[in-house]
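This report refers to the structure that appears directly beneath it.
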Amino acid sequence: MELELNSKEPIYLQIIAHIKKKIVSGELKGGERVLSVREYANEIKVNPNTIQKVYYELENEGLIYTQRGIGKFVTENEDKINSLRQELFNETIDKFIEDSIALGFTKDKILAVINERYKGD
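Going left to right, the sequence shown walks through residues 614 to 734 as our numbering numbers them.
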């Protein structure tokens, strides 16, 4: 994971976003143990207090849970994960639309380009 140290977004929020993407992509699976605070802090070279804050926020959102004496784990709640996936998708689309409008594109042009470039069925 690459942190943007000069970003206006705090490091802990960058880490939260990174973990959320790993959860919705399935890279971190439901029920999978996440690294301990110390392990993760060492891996990405940040203060353990930063990771503690990240895990606290993710636990408050119901994305991870603690099993006392064992560790922290990714939620197995598929509704929670699907809701997060939709939330991240909406944020991506909103940013795309905002950026496209700022570049002077109309709704019709945006949709035409999406239809032209879409590689799916």
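Virtual Cβ for every residue (Gly too), placed ideally from N, Cα, C.
Grouping DSSP H, G and I as helix and E and B as strand, with all else coil, what is Thr-705?
In the structure shown, Thr-705 falls within a helical segment according to DSSP collapsed to helix, strand and coil.
Would you call the CB atoms of Leu-676 and Leu-648 closer than 8 Å?
The answer is no: Cβ separation not under 8 Å.
Can you round the beta-carbon distance between Met-614 and Ile-683 to whole angstroms, since I take them to be within the 8 Å contact cut?
Between Met-614 and Ile-683, the beta carbon gap of about 24 Å keeps them out of contact (Cβ cut-off 8 Å).
Between the region 651-665 and the region 686-701, do three or more beta carbon pairs fall short of 8 Å?
Touching, no, given that fewer than three Cβ pairs across the two stretches are closer than 8 Å.
Close beta carbons around Glu-617, own chain, < 7 Å, minus the five adjacent residues each side
Excluding positions up to five away in sequence, the list reads Gln-627.
DSSP state of Val-687 mapped onto helix, strand, coil:
In the structure shown, the three-state DSSP call for Val-687 is strand.
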